[in-house]
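The sequence shown lines up with residues 70 to 294 when you count with the working numbering.
Down below is the structure, laid out as structure tokens.
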Amino acid sequence: MPFTLDEERELPHIISGPRFATYLRATNSDVTTALSLYQWNLELSAAFIVPLQVCEIAARNGVVLALEARYGANWHLSQSFIQSLPNLRRGYNPRTDFTRTSSKLLRHTALTPGKIVADIKFAFWENMLTSRHDQRLWTPSFSNAFPHADFTVSVYQARGKANTYLEKVRGLRNRIAHHEPIFTRNIIEEYNRILEIVRWRSPISADWLAKVQEVTVINGRKPIP
Numbered sequence: 070m071p072f073t074l075d076e077e078r079e080l081p082h083i084i085s086g087p088r089f090a091t092y093l094r095a096t097n098s099d100v101t102t103a104l105s106l107y108q109w110n111l112e113l114s115a116a117f118i119v120p121l122q123v124c125e126i127a128a129r130n131g132v133v134l135a136l137e138a139r140y141g142a143n144w145h146l147s148q149s150f151i152q153s154l155p156n157l158r159r160g161y162n163p164r165t166d167f168t169r170t171s172s173k174l175l176r177h178t179a180l181t182p183g184k185i186v187a188d189i190k191f192a193f194w195e196n197m198l199t200s201r202h203d204q205r206l207w208t209p210s211f212s213n214a215f216p217h218a219d220f221t222v223s224v225y226q227a228r229g230k231a232n233t234y235l236e237k238v239r240g241l242r243n244r245i246a247h248h249e250p251i252f253t254r255n256i257i258e259e260y261n262r263i264l265e266i267v268r269w270r271s272p273i274s275a276d277w278l279a280k281v282q283e284v285t286v287i288n289g290r291k292p293i294p
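What follows is the structure, given as structure tokens:
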């Protein structure tokens, strides 16, 4: 649907000059095309929510299976588990994130595994797939957590690929959450990465996701090459 003259005058100011400048640069300063690109970026970002949500749920539940195999159903209460988390001075700190999330939840409700899983940051699950946890978790349990991963390679390599993929997925997720442009990214590559993670857990779920998602449809409507 074409933009009205009022929309072409008003929307760039609402979007903000610096943010809209990104779209103007990509469209040779054509305001109408820049607005079309901005709208397309919004629609594509919204479409990614479904695959991202399914991917995060699938990945974190896979990690939980490995945690339960190692520490039992109440893994979230295990001091051995908590002490296994890295306590870093710089950057993301998994142990601090876990203990703060637990403390926050305890102020309002009973501390259950489900509450922890729902509340803790995506980065936590990505961090659980680092080599630090190979001996405790992934050597014995990767094939149970991600039964349809590529096992023509070693568990170490498969786990490493999962960690790398989740890091990239988190990067996309964060850009979308912060309303940043994603139009310069390889959208099909991003989508296929998400789909592959889901497929590692369940091919049926991945096939279902491929049917209901709208990323590939909207990607085909990009207003610039």
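Beta carbons: idealized from backbone N, C-alpha and C, even for Gly.
Here the structure is a predicted model, which means the values were calculated and not measured.
Leaving out the 5 sequence neighbours to the left and right, which residues in its chain are closer than 6 Å to residue i when beta-carbon positions are compared?
i      : result
GLU236 : GLU195
ASN288 : ILE256
SER274 : VAL267
Using the C-alpha atoms, what's the distance from residue j back to residue i?
i      : j      : result
THR101 : HIS248 : 20 Å
PHE300 : THR208 : Residue coverage of the chain in this structure runs from 70 to 294, which leaves residue 300 outside it and unanswerable.
ARG139 : GLN204 : 11 Å
GLU283 : GLN148 : 43 Å
GLN92  : ALA103 : The identity of residue 92 in the sequence shown is Tyr, whereas the question assumes Gln. So the alpha carbons of these two residues sit roughly 5 Å apart.
Taking the alpha carbon of residue i as the point to measure from, which residue in the options has its own alpha carbon closest?
i      : options                        : result
THR181 : ILE84, ARG159, MET197, GLY141  : GLY141
GLU265 : THR253, ALA227, ILE293, VAL286 : ALA227
ILE293 : ASP99, SER85, LEU74, SER271    : ASP99
SER105 : ALA128, VAL222, ALA275, GLU77  : GLU77
ALA135 : LEU198, CYS124, LYS230, ASP188 : LEU198
ARG88  : GLY229, THR73, TYR107          : TYR107
Would residue i pass as a contact of residue j if the rule is Cβ separation under 8 Å?
i      : j      : result
ILE263 : PRO120 : yes
PHE215 : GLY86  : no
PRO272 : HIS217 : yes
VAL222 : PHE211 : no
HIS80  : ILE251 : Just to set this straight, residue 80 is Leu in the shown sequence, not His. No. Outside cutoff.
ILE185 : SER171 : yes
So the alpha helix (DSSP H) residue i belongs to, where does it begin and stop?
i      : result
LYS291 : Note, LYS291: premise wrong, no alpha helix (DSSP H); not H, not E.
ASP166 : 163-175
ALA231 : 224-246
Return no unless some Cβ of chain C is closer than 8 Å to the Cβ of residue i.
i      : result
VAL100 : Within the model displayed, chain C is absent; a lone protein chain is all it includes.
So, at 7 Å on beta carbons, what are the nonlocal neighbours of residue i in its own chain, with the 5 sequence-adjacent residues on each side left out?
i      : result
ASP128 : The question names Asp, but residue 128 is Ala in the sequence shown. Same-chain partners within the cutoff: TRP194, LEU235, ILE266.
ASN162 : ASN156
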